[in-house]
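Quick notes on the structure that follows.
There are 4 protein chains.
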Amino acid sequence: MAREGGRRAAGEEAGGTTRGRAGGDEPVRGRLLGAATRLFADRGFESTSVQEIVAAAGVTKGAMYHYFDSKDDLLREIYARVLRLQTERLDRFADAPGPVAGRVYDAAVDVVATTVENLDDSKIFFRSMHQLAPETRKAVRAERRRYHERFRDLVAEGQREGVFRADVPADLVVDFFFGSVHHLGSWYHADGALPGVAVGRHFADLLLASLRPVPET
Amino acid sequence: MAREGGRRAAGEEAGGTTRGRAGGDEPVRGRLLGAATRLFADRGFESTSVQEIVAAAGVTKGAMYHYFDSKDDLLREIYARVLRLQTERLDRFADAPGPVAGRVYDAAVDVVATTVENLDDSKIFFRSMHQLAPETRKAVRAERRRYHERFRDLVAEGQREGVFRADVPADLVVDFFFGSVHHLGSWYHADGALPGVAVGRHFADLLLASLRPVPET
Amino acid sequence: MAREGGRRAAGEEAGGTTRGRAGGDEPVRGRLLGAATRLFADRGFESTSVQEIVAAAGVTKGAMYHYFDSKDDLLREIYARVLRLQTERLDRFADAPGPVAGRVYDAAVDVVATTVENLDDSKIFFRSMHQLAPETRKAVRAERRRYHERFRDLVAEGQREGVFRADVPADLVVDFFFGSVHHLGSWYHADGALPGVAVGRHFADLLLASLRPVPET
Amino acid sequence: MAREGGRRAAGEEAGGTTRGRAGGDEPVRGRLLGAATRLFADRGFESTSVQEIVAAAGVTKGAMYHYFDSKDDLLREIYARVLRLQTERLDRFADAPGPVAGRVYDAAVDVVATTVENLDDSKIFFRSMHQLAPETRKAVRAERRRYHERFRDLVAEGQREGVFRADVPADLVVDFFFGSVHHLGSWYHADGALPGVAVGRHFADLLLASLRPVPET
DNA sequence: AATGAATGAGCATTCATTCAT
DNA sequence: TATGAATGAATGCTCATTCAT
Numbered sequence: 001m002a003r004e005g006g007r008r009a010a011g012e013e014a015g016g017t018t019r020g021r022a023g024g025d026e027p028v029r030g031r032l033l034g035a036a037t038r039l040f041a042d043r044g045f046e047s048t049s050v051q052e053i054v055a056a057a058g059v060t061k062g063a064m065y066h067y068f069d070s071k072d073d074l075l076r077e078i079y080a081r082v083l084r085l086q087t088e089r090l091d092r093f094a095d096a097p098g099p100v101a102g103r104v105y106d107a108a109v110d111v112v113a114t115t116v117e118n119l120d121d122s123k124i125f126f127r128s129m130h131q132l133a134p135e136t137r138k139a140v141r142a143e144r145r146r147y148h149e150r151f152r153d154l155v156a157e158g159q160r161e162g163v164f165r166a167d168v169p170a171d172l173v174v175d176f177f178f179g180s181v182h183h184l185g186s187w188y189h190a191d192g193a194l195p196g197v198a199v200g201r202h203f204a205d206l207l208l209a210s211l212r213p214v215p216e217t
Numbered sequence: 001m002a003r004e005g006g007r008r009a010a011g012e013e014a015g016g017t018t019r020g021r022a023g024g025d026e027p028v029r030g031r032l033l034g035a036a037t038r039l040f041a042d043r044g045f046e047s048t049s050v051q052e053i054v055a056a057a058g059v060t061k062g063a064m065y066h067y068f069d070s071k072d073d074l075l076r077e078i079y080a081r082v083l084r085l086q087t088e089r090l091d092r093f094a095d096a097p098g099p100v101a102g103r104v105y106d107a108a109v110d111v112v113a114t115t116v117e118n119l120d121d122s123k124i125f126f127r128s129m130h131q132l133a134p135e136t137r138k139a140v141r142a143e144r145r146r147y148h149e150r151f152r153d154l155v156a157e158g159q160r161e162g163v164f165r166a167d168v169p170a171d172l173v174v175d176f177f178f179g180s181v182h183h184l185g186s187w188y189h190a191d192g193a194l195p196g197v198a199v200g201r202h203f204a205d206l207l208l209a210s211l212r213p214v215p216e217t
Numbered sequence: 001m002a003r004e005g006g007r008r009a010a011g012e013e014a015g016g017t018t019r020g021r022a023g024g025d026e027p028v029r030g031r032l033l034g035a036a037t038r039l040f041a042d043r044g045f046e047s048t049s050v051q052e053i054v055a056a057a058g059v060t061k062g063a064m065y066h067y068f069d070s071k072d073d074l075l076r077e078i079y080a081r082v083l084r085l086q087t088e089r090l091d092r093f094a095d096a097p098g099p100v101a102g103r104v105y106d107a108a109v110d111v112v113a114t115t116v117e118n119l120d121d122s123k124i125f126f127r128s129m130h131q132l133a134p135e136t137r138k139a140v141r142a143e144r145r146r147y148h149e150r151f152r153d154l155v156a157e158g159q160r161e162g163v164f165r166a167d168v169p170a171d172l173v174v175d176f177f178f179g180s181v182h183h184l185g186s187w188y189h190a191d192g193a194l195p196g197v198a199v200g201r202h203f204a205d206l207l208l209a210s211l212r213p214v215p216e217t
Numbered sequence: 001m002a003r004e005g006g007r008r009a010a011g012e013e014a015g016g017t018t019r020g021r022a023g024g025d026e027p028v029r030g031r032l033l034g035a036a037t038r039l040f041a042d043r044g045f046e047s048t049s050v051q052e053i054v055a056a057a058g059v060t061k062g063a064m065y066h067y068f069d070s071k072d073d074l075l076r077e078i079y080a081r082v083l084r085l086q087t088e089r090l091d092r093f094a095d096a097p098g099p100v101a102g103r104v105y106d107a108a109v110d111v112v113a114t115t116v117e118n119l120d121d122s123k124i125f126f127r128s129m130h131q132l133a134p135e136t137r138k139a140v141r142a143e144r145r146r147y148h149e150r151f152r153d154l155v156a157e158g159q160r161e162g163v164f165r166a167d168v169p170a171d172l173v174v175d176f177f178f179g180s181v182h183h184l185g186s187w188y189h190a191d192g193a194l195p196g197v198a199v200g201r202h203f204a205d206l207l208l209a210s211l212r213p214v215p216e217t
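Okay, here's the thing in structure tokens:
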């Protein structure tokens with residue numbers, strides 16, 4: 001039963017299986033996912049009770065277990081959503097035409113901007129990985145690795161072409177850069193002076209600068 | 001069983017109140033801190049029970065509550081240990097003589113190497129911040145901010161001297177770099193090919209490269 | 001899927017209200033009763049969820065609540081079915097012509113054979129009695145007592161005629177014998193070497209032997 | 001922790017680890033086992049909540065989980081207690097000197113009397129077997145089988161000696177007789193006219209009578 | 001310095017049942 | 001005749017913590 005609901009995940013905002021009752025006009029499933037995302041980001045997965053989630057979503061526990069198999073399932077869905085979004089966007093930038101440096105720059109700006117726009121997702125992603133069931137964790141990591149490799153291939157392409165320095169492993173560059181991205185959740189505040197895109201441009205600048213071929217002395 | 005941090009913590013009490021019993025020769029307090037560090041890093045703070053900690057340390061619950069006020073107190077001690085260590089080391093490098101670029105480089109290599117050597121501490125630090133009591137969290141953040149500012153001042157010094165580019169805020173540079181450092185816990189494995197210091201040198205290289213003044217066109 | 005009892009139950013409604021859908025060609029009501037019988041016998045009444053029953057029957061919960069008032073109602077129907085069957089059969093043998101010893105023997109063989117053929121019913125009967133609503137339980141017990149008395153009267157008839165020993169209360173003989181019958185569910189396996197009728201003949205032999213008048217010494 | 005308590009099972013009535021608080025003077029562990037036995041017999045294992053058990057024993061849930069691993073563990077202990085008692089007693093009678101018929105008679109009387117004296121245990125034994133974890137169930141069945149075989153060997157001994165008829169398998173005789181014994185819980189009431197030993201003597205009489213060699217005609 | 005029995009609040013989850021459609 | 005979303009009460013169990021000894 002919950003599995004059926006689970007399958008419907010992709011279309012969750014397509015709306016309208018429920019008429020909206022107490023708590024909002026959005027379908028129950030989406031409300032639950034939204035409430036869970038906010039709470040998991042704020043307090044952590046383990047410190048958030050199912051009771052708090054359903055209260056925040058304005059539904060009953062039974063309703064939650066109608067749409068999701070478990071609290072873990074909720075987390076799993078959030079991971080799936082993040083992975084889907086990020087993969088889609090990277091693909092778009094990596095496959096674009098033009099010189100590799102530009103594509104890396106654009107992808108870097110975008111991933112920062114997207115991360116800032118979905119800061120809750122990002123906080124959850126790196127803080128709650130170890131709460132996933134081993135199997136799920138493996139799947140998430142595999143998907144994440146594909147993402148990493150996609151970006152790394154872009155860097156490696158630049159290195160082969162000579163527009164990026166080649167004396168640092170491309171994998172390490174990616175870990176270096178994405179460390180910065182993933183920690184946005186630790187310090188960035190929406191009410192800060194710098195908009196997400198501005199941060200993205202700075203980060204992308206720093207990345208490209210760090211990759212400039214070392215000047216001869 | 002005994003971790004480096006654990007040994008320090010025990011010493012802090014100015015010597016052996018316990019004669020070591022089942023589970024190791026080290027004083028009880030240190031054993032508890034060591035076991036807690038390992039378990040918090042592996043499973044997270046919330047998913048680790050006091051029972052598991054005392055079992056891993058080979059003591060009883062009563063003994064734990066003799067040395068620590070609460071489970072939170074254990075976490076607080078771990079944070080204090082990390083902050084003390086990192087601040088000490090940064091001070092050493094920042095206060096060293098010589099040109100600013102060299103000091104930044106050395107400090108950067110060191111923080112990476114130290115993080116890699118105490119990877120469990122690092123994992124805990126960024127994953128469990130939100131479990132601290134608000135007051136403690138505030139104190140930890142303040143201390144952390146001082147650390148950040150110390151490093152930022154180094155960068156700003158280089159910018160004023162003209163050896164670092166000045167078109168990117170020094171604060172942002174520090175967040176950029178420490179994001180990379182803090183995420184070492186997400187991918188670095190002790191059994192990997194690259195020793196901690198090597199990673200440190202690559203990271204420091206990238207940092208300095210990203211700070212080189214932008215060439216005139 | 002279809003058990004003998006299930007087929008009878010369906011017929012009771014005087015013919016097919018449902019055209020059979022996913023899961024079998026049999027009417028829904030019978031499928032539900034069959035599935036419930038098997039599951040109650042395997043796992044016990046309390047450990048079987050309505051969800052499991054409807055899944056096994058290939059219908060939805062709503063359908064079940066259309067045909068039955070409650071989960072208890074399902075159990076009540078199973079009891080009614082068993083009682084009807086056993087009473088019918090005993091009546092047939094008790095009312096037959098011929099000497100009382102032969103009638104007791106035949107009835108004894110038959111109840112064993114019938115029990116073995118409907119072992120699930122038997123398992124449920126003695127394991128789940130206490131789950132019935134007090135009122136229903138009272139009714140079931142009353143019906144059961146009538147059955148017991150019918151058999152006891154047969155024994156008493158033999159005692160009066162002098163073909164059975166009279167130094168043991170007829171009621172006790174019946175409890176003695178039916179204990180053996182009711183516990184068939186605890187040890188008899190359909191794949192065992194001995195067919196139900198063979199067990200029945202042995203049991204009937206033992207019963208009649210135990211009733212032989214005590215020889216004078 | 002609960003395991004430690006579990007080991008102490010045998011000495012549970014040796015008394016005095018607790019000073020008796022609300023609810024009685026008996027140690028907590030024994031009170032819990034007593035309350036559970038009564039309730040499981042009355043309402044069945046599944047229909048009895050842990051809350052009801054601890055309320056009846058006058059302790060808190062936490063205390064129960066200090067002594068027992070789970071509700072299942074409680075049931076397991078009850079089974080262990082029954083098996084221990086019955087095996088002990090059968091051994092005593094089977095190993096006694098004298099002719100086999102007398103030993104069978106005495107053992108039969110005793111098992112009925114003992115069953116009647118511990119009717120709750122008996123009700124639980126045959127009603128809740130399927131609630132045991134598969135592993136435990138296997139162990140219980142194995143122990144039970146040894147009991148059955150001990151009794152069967154006694155019957156077989158009599159058949160070899162010619163004092164019992166040999167045309168019915170000894171195993172079947174044992175199943176026949178113990179069926180009667182196990183179903184005492186279904187009809188016997190302590191307030192009934194017949195004391196346990198009297199029922200035992202009647203049952204033993206019936207058993208021996210059913211085993212008399214068939215007279216030649 | 002250390003024990004271990006006991007607490008009690010809280011947790012994730014299950015489940016029979018209802019009801020608008 | 002049948003669906004499936006939703007309910008709400010109850011369940012077994014965990015856990016940080018206390019306290020007399």
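Protein chains in written order, with UniProt numbering: chain A, 1 to 217; chain B, 1 to 217; chain C, 1 to 217; chain D, 1 to 217.
Think of the CB as a built atom: it goes at the ideal place given N, C-alpha and C, for glycine as much as any other residue.
| query | result |
| --- | --- |
| Buried/exposed call for residue 120 of chain C, threshold 16 Cβ in 10 Å | buried |
| Contact between the region 150-169 of chain B and the region 54-71 of chain B (3+ Cβ pairs under 8 Å) | no |
| Same chain only: Cβ atoms within 8 Å of residue 203 of chain D, ignoring 5 sequence neighbours per side | 108, 109, 112, 177, 180, 181 |
| As assigned by DSSP and simplified to three states, the class of residue 7 of chain C | Confidence at residue 7 of chain C is low in this model, with a pLDDT of 34, below 50, so its placement is unreliable and the value that follows should be read with caution. Helix, per DSSP. |
| Endpoints, the alpha helix (DSSP H) within which residue 46 of chain B is located | No alpha helix (DSSP H) holds residue 46 of chain B; DSSP gives it neither H nor E. |
| Coil, strand or helix - residue 122 of chain B by DSSP | helix |
| N- and C-terminal bounds of the alpha helix (DSSP H) containing residue 189 of chain A | Premise fails: residue 189 of chain A is in no alpha helix (DSSP H) and is neither H nor E. |
| Sub-7 Å separation of residue 74 of chain B and residue 36 of chain B beta-carbons | yes |
| Segment contact, 8 Å Cβ cut-off, at least three pairs: the region 189-206 of chain A with the region 121-140 of chain A | no |
| Beta-carbon contacts of residue 210 of chain A that lie in its chain and below 7 Å, excluding the five residues immediately before and after | none |
| Beta-carbon gap between residue 174 of chain C and residue 152 of chain C smaller than 7 Å | yes |
| Residue 39 of chain A beta carbon less than 7 Å from that of residue 52 of chain A | yes |
| Cross-chain neighbours of residue 46 of chain A in chain B, by beta carbon under 7 Å | 44, 46, 47 |
| Cut-off 6 Å between Cβ atoms - residues of its own chain near residue 96 of chain D, not counting five sequence neighbours on either side | 103 |
| Residues of the region 176-193 of chain D with Cβ closer than 9 Å to any Cβ of chain C, in chain order | 176, 177, 178, 179, 180, 181, 182, 183, 184, 186, 187, 188 |
| C-beta atoms of residue 114 of chain A and residue 89 of chain A nearer than 7 Å | yes |
| Inter-residue Cα distance where the pair is residue 191 of chain A and residue 57 of chain A | 25 Å |
| Chain C contact for residue 139 of chain D (CB, 7 Å cutoff) | no |
| Within 7 Å, strictly: CB atoms of residue 163 of chain A and residue 101 of chain A | yes |
| Straight-line gap, residue 21 of chain A to residue 64 of chain A (C-alpha atoms, nearest Å) | Note that residue 21 of chain A scores 40 on pLDDT, short of 50, meaning its location in the model is unreliable and no value can be drawn from it. |
| Any non-hydrogen atom of the ligand ADP closer than 6 Å to residue 54 of chain D Cβ | In the structure on display, the ligand ADP does not appear, and there are no ligands present to speak of. |
| Bounding residues of the alpha helix (DSSP H) (the contiguous stretch that carries residue 133 of chain A) | Looking at the DSSP string, residue 133 of chain A is not in any alpha helix (DSSP H), and its letter there is neither H nor E. |
| Short CB-CB distance (under 7 Å) between residue 70 of chain A and chain B | no |
| Residue 122 of chain A: contacting residues in chain B (beta-carbon distance under 8 Å) | Those do not exist, as residue 122 of chain A stays about 11 Å from chain B at its closest Cβ, beyond 8 Å. |
| Contact set between residue 209 of chain D and chain C, taken where Cβ atoms lie within less than 8 Å | 165, 209, 210, 211, 212, 214 |
| Any C-beta of chain C under 7 Å from that of residue 82 of chain D | no |
| Residue closest to residue 131 of chain D, alpha-carbon to alpha-carbon, out of C/44, C/31, C/27, C/30 | C/44 |
| Beta-carbon proximity list for residue 166 of chain B, same chain, < 7 Å, skipping 5 on both sides | 159 |
| Pick from A/136, A/60, A/148 that is closest to residue 187 of chain B, judged by C-alpha positions | A/148 |
| Distance between residue 62 of chain C and residue 93 of chain D (C-alpha atoms, nearest Å) | 58 Å |
| Beta-carbon neighbours of residue 172 of chain C, restricted to chain D and to distances below 9 Å | 194, 199, 202, 203, 206 |
| Assigned exposure category for residue 81 of chain C - 16 Cβ within 10 Å defines buried | buried |
| Member of C/129, C/79, C/66, C/213 whose CA lies at the smallest distance from the CA of residue 47 of chain D | C/129 |
| Per-residue contacts from residue 131 of chain C into chain D (C-beta, under 8 Å) | 44, 47 |
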